[in-house]
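For reference, the structure discussed in these notes is given below.
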Amino acid sequence: MNKLQILSEAKKVLSIELKAIKSIGSSFDNNFYNIVKTIFQTKGRVIVTGIGKSGHIANKISATLSSTGTPSQFIHATEASHGDLGNITRNDCILAISNSGQSNELNDIINFSKRFNIPLLSISANKKGFLFSKSDYAILFKKPIEACPLNLAPTSSTTMTLIIGDAIAITLLKMRGFKKSHFSKFHPGGNLGKDLVKISEIMHGIKELPLVKESDLMSKVLLIITKKSFGCVGVINKSMNLV
């Protein structure tokens, strides 16, 4: 492929996925409302689960929920069947994600939710799927044409699922009155953490500062420099002001 063909292919992918995204609006219905309401009223965590590419999207949605004020944990559908179901409590709710809604790996966690009366929420594109039929509330999106020329690799569908997850998380953020001050507590690292940190949170207190009096001997000054590890001292007068 030459340069023009490569750029043309990229624009084609964008066009296909944009078309899919525009169809999501119909998914924001009573089921979306009930899912958001259920999560908001949940006393425990939102257990987000999936398999394959949907599993990766589920992991990201869980991370977004956690960082915006809604406690969440991602559990891989396969690992759930091998002991991780023990992480789920009656105070939690489950958000299962599957494009086909027919992934056998989800069966155990679905049955677990029913056995212990744990709310089962879902996002899928198959109204006839097992997941949809077992869900208390289910967001259904129109199965899109994938950007993959074979119409096989999950591309448009995963983008749609991610956007729905973002819509859930941000709606909950607003319902909880989540602010920058809350976000900084959960995200102290990276550039976001640096942008949100306050001087008062990183400055040294008076007891940590290397301060000496004008009348102190040089031997004490050297001791303070070594003890406080600042490499310098501040000289203060009787009024505790720097001179």
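Counting the sequence shown from 1 gives a position; my numbering is that position plus 11. For each residue, glycine too, the CB sits at the ideal point set by N, CA and C.
Residue pairing of C104 in beta bridges, as defined by DSSP: V57. Taken in chain order, the whole alpha helix (DSSP H) runs of length 4 or more contained in the stretch 78-158 are 88-91, 118-126 and 141-145.
With distances taken between CA atoms, F51 lies nearest to G80 out of N128, G80 and V59.
The residues E116, D119 and I120, in chain order, have a CB closer than 8 Å to that of S92 in the same chain once the five nearest residues on each side in sequence are set aside. Per DSSP, the continuous beta strand (DSSP E) segment holding K224 begins and ends at L222 to K224.
A158 sits close to V24, with the two beta carbons spaced by under 7 Å. Cβ atoms of I179 and I46 come within 8 Å of each other, at about 7 Å. Rounded to whole angstroms, A21 and T172 show a C-alpha spacing of 21 Å. Closest by C-alpha distance to L29, out of P155, S65, I58 and G55, is P155. Exclusion of the five residues before and after Q84 leaves R56, I58, S73 and N98 as the residues of its chain whose Cβ lies within less than 7 Å of its Cβ. Where I247 is concerned, the enclosing beta strand (DSSP E) starts and stops at G245 to I247. Taking the CA atoms as reference points, S230 sits about 18 Å from N248. Contact between I181 and S38 is ruled out by a C-beta separation of about 15 Å, above the 8 Å threshold.
L25 carries a helical assignment under DSSP once its states are collapsed to helix, strand and coil. Membership of T237 in the alpha helix (DSSP H) is indicated by the continuous run M229 to K239.
In this structure, G61 lies near I108, with their beta-carbon atoms less than 7 Å apart.
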